[in-house]
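Asker: Here it is, the structure, as structure tokens.
In structure tokens:
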């Protein structure tokens, strides 16, 4: 019945950003949809995700994931609803998650689709706390850094999609949590989560000293989202045998020229530190365990899911750029329908 | 009978080096020996060790080991012989290893002494290939980096006491070994060990490119002894899931002001790398396993023990300074008797 839809609007990468991305890097394009073939479905996207990692895909280089092609639709996490189907496993009405973001509609085979489980929760949470960012926070704390009760956890970019979950999971796991954020408004959010000590890195003065004051006992685990000055401050405050789960280094993503690293890396030897980079997709076989736990924590109110929502596909580039301007609290989303 | 010895010569730290150490930082002092108390022994040192880590102890700061005190005898690995004894477990003639280096004689309790096993090998090897440096190489490759047959290993400072053993163990473990050294003479030594590809970092031009050429398949394990440009080059050439055993960063030890780190640390995330600092003393419970294996490899000629020897306690400061000037091939030692 909805199969009268024959056009989609989608966002293309018009040119590769040099430094901070701008709206000029993107174009909104009208495109015809192919007719449904056997086995295919027509998806109407409800939500799309913008994530910092996408910045890396806008550069033409070898990485863990292929770069975005120019003048093609971008990709990313999305939640949609099947509105026409020639596939019995995905009947009309099925809510699905996919990597077919940055577009309003898609005609697609079902290989890359996951039907969402029945839940009281809004489906948008499968792009956030119950999706890739939440799974990233859980993976970093449990499988990478092995955070234990009684330890001190430091989280940077702590009000972001990943950081805000890492802080809450840290508290649930019995850690003392120190968080770094870029505004007092974000600090308030973390205060509501029961985070023990919050640093506004834009106003605190010397970050190394601020962290030493916030964690006088030293840091056992650093959940690294930022890089640069944050990594330097963390290194200087790590305890012996401290672990650093290296999730991202957002402060570096928009540097046109490479930025020198911290000058205190020899602490890795002196304090016998372990730094480990990870990509959550490689840990996805543990998603069911995570999802079961997170669903319960959400149901019990032990984890709260903060979202920042932009409206309409036209706003998707602004939402993406906003990630690097600190405009989100919690998960940054674009509502498409 | 030898207890007529009542004086020792020993090296004191006269003042703390700023930048590269010089002979002016050290003084040779004559000192009276206390008479032997019950349970004590008089040791005549045969060999003493100089090691890069000692540079860190010359700085007055908190680290994994207390700083050296000014105007006191320095400490370090030594091999000696008991020449007078009031302790039945250490009779005259016992060869012992201790941390009582930088001196010719010592009167001491026996808590910090280890009697050397009977062996055909010269006792000096217990300061090198069978001692701390050899154990460091083995620990880094096996317990930290988990090197596997068929992998590519990159070793920096590869002709040094630790690096030269790491290269040989890498070959024994079935790895392809790429080594970085600072002279063609040192390259020859490594060639004689069967190392697959050798870079003279002083003449190779761009080190990252040289390593890419030497290890076109990428690096699985980097044995880090140097820091700085070497770490940057290694990061740029690591394979996905590569491991970096961070043993030391000798290029930084004599910097008066901190030196910025590599500008490519975000590769830790993109390639899912693990960097782990370690201090061999924390792994010493595995020394018997190591010693058994290494003794056999030495007996079979599978590992060769290179040494650079300075003569006499007066030369100890020069030997130590020489470590940072690349003057040693293999283990740097001072022969005291």
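Protein chains in written order, with the UniProt record's numbering: chain X, 1 to 337; chain G, 1 to 337. Quick reminder that beta carbons are idealized off the backbone N, C-alpha and C, glycines included. Bear in mind the structure is a predicted one, so any value in this text is a computation, not a measurement.
1. If distances are taken between C-alpha atoms only, which option among G:223, G:172 and G:120 comes closest to residue 295 of chain G?
2. Quick one, which of G:256, G:232, G:273 and G:233 has its alpha-carbon nearest residue 248 of chain X's?
3. Could you tell me which uninterrupted beta strand (DSSP E) segments, each at least 3 residues in length, are contained entirely in the segment 33-75 of chain X, listed from first to last along the chain?
4. What residues are listed by DSSP as bridge partners for residue 274 of chain X?
5. Where does the unbroken beta strand (DSSP E) through residue 310 of chain G begin, and where does it stop?
6. Would you list the residues sitting across from residue 130 of chain G in a DSSP beta bridge?
7. So who's on the other strand from residue 222 of chain G, going by DSSP bridges?
8. Grab me the residues of residue 14 of chain G's own chain with a C-beta within less than 8 Å of its C-beta, minus the 5 sequence neighbours each way, in chain order.
9. Rounded to whole angstroms, what is the Cα-Cα separation between residue 82 of chain X and residue 125 of chain X?
10. For a test of the three-state rule: what should DSSP assign to residue 160 of chain X, helix, strand or coil?
11. Is it the case that the Cβ atoms of residue 73 of chain G and residue 145 of chain G are separated by a distance below 9 Å?
12. Taking residue 152 of chain X and residue 41 of chain X to be in contact with their CB atoms under 8 Å, please state how far apart those CB atoms are, rounded to whole angstroms.
13. Can you find the residues in the same chain that come closer than 7 Å, C-beta to C-beta, to residue 136 of chain X, ignoring five residues on each side of it along the sequence?
14. Have a look at residue 240 of chain G and residue 271 of chain G and give me their C-alpha separation to the nearest angstrom.
15. I want to see whether chain X comes within less than 9 Å of residue 258 of chain G, judged by CB atoms only; does it?
16. For the 8 Å Cβ check, are there 3 or more pairs between the segment 179-198 of chain X and the segment 16-23 of chain G?
17. Measuring only the C-alpha atoms, how far is residue 251 of chain G from residue 158 of chain G?
18. Considering Cα atoms alone, identify which of G:256, G:268 and G:223 is closest to residue 244 of chain X.
19. Kindly indicate which three-state DSSP category residue 103 of chain X falls into: helix, strand or coil?
20. Would you tell me roughly how many angstroms separate the C-alpha atoms of residue 324 of chain G and residue 166 of chain X, rounded to the nearest one?
21. May I have the straight-line CA-CA distance separating residue 304 of chain X from residue 291 of chain G, to the nearest angstrom?
22. Determine the burial state of residue 237 of chain G: buried for a count of at least 16 other Cβ atoms within 10 Å of its Cβ, exposed for fewer.
23. Using 8 Å as the cut-off, can you tell me whether the segment 167-174 of chain X makes contact with the segment 310-323 of chain X, which would need three or more C-beta pairs spanning the two stretches below that distance?
24. Return no unless some Cβ of chain X is closer than 9 Å to the Cβ of residue 204 of chain G.
25. Buried or exposed for residue 205 of chain G, going by 16 or more other Cβ atoms inside 10 Å?
26. In this structure, what does DSSP give as the bridge partners for residue 7 of chain X?
27. If you measure beta-carbon to beta-carbon, which residues of the segment 314-326 of chain G are closer than 7 Å to chain X?
28. According to DSSP, simplified to helix, strand and coil, what is residue 238 of chain X?
29. Could you tell me how far apart the beta carbons of residue 212 of chain X and residue 107 of chain X are, in whole angstroms, since I believe they sit closer than 8 Å?
30. When the Cα atoms are used, what is the spatial distance from residue 91 of chain X to residue 115 of chain X?
31. With 9 Å set as the bound, which would you pick, yes or no: does the beta-carbon of residue 344 of chain X sit closer than that to a beta-carbon of chain G?
32. With distances taken Cα to Cα, identify the nearest neighbour of residue 200 of chain X among X:155, X:95 and X:308.
33. Between which two residues does the alpha helix (DSSP H) harbouring residue 323 of chain X extend?
34. Could you tell me which of G:63, G:234 and G:99 sits nearest to residue 208 of chain G, measuring between CA atoms?
35. Roughly how many whole angstroms lie between the Cα atoms of residue 79 of chain X and residue 93 of chain X?
36. Closer than 8 Å between beta carbons: that is the criterion. Which residues of the segment 239-251 of chain X meet it against chain G?
Answerer: On the basis of the data shown:
1. G:120
2. G:273
3. 41-49
4. X:243 and G:276
5. 307-311
6. Answer is none; residue 130 of chain G lacks a bridge partner.
7. G:154 and G:244
8. 24, 25, 26, 27, 70 and 71
9. 18 Å
10. strand
11. no
12. With 8 Å as the limit, residue 152 of chain X and residue 41 of chain X do not qualify as a contact, their Cβ atoms being about 48 Å apart.
13. 162, 247 and 280
14. 4 Å
15. yes
16. no
17. 14 Å
18. G:268
19. strand
20. 43 Å
21. 54 Å
22. buried
23. no
24. no
25. exposed
26. X:32
27. none
28. strand
29. With a Cβ gap of about 56 Å, residue 212 of chain X and residue 107 of chain X do not count as contacting.
30. 10 Å
31. Nothing about residue 344 of chain X can be reported from this structure: the residues present for chain X run from 1 to 337 only.
32. X:155
33. 316-323
34. G:234
35. 12 Å
36. 240, 246, 247, 248 and 249
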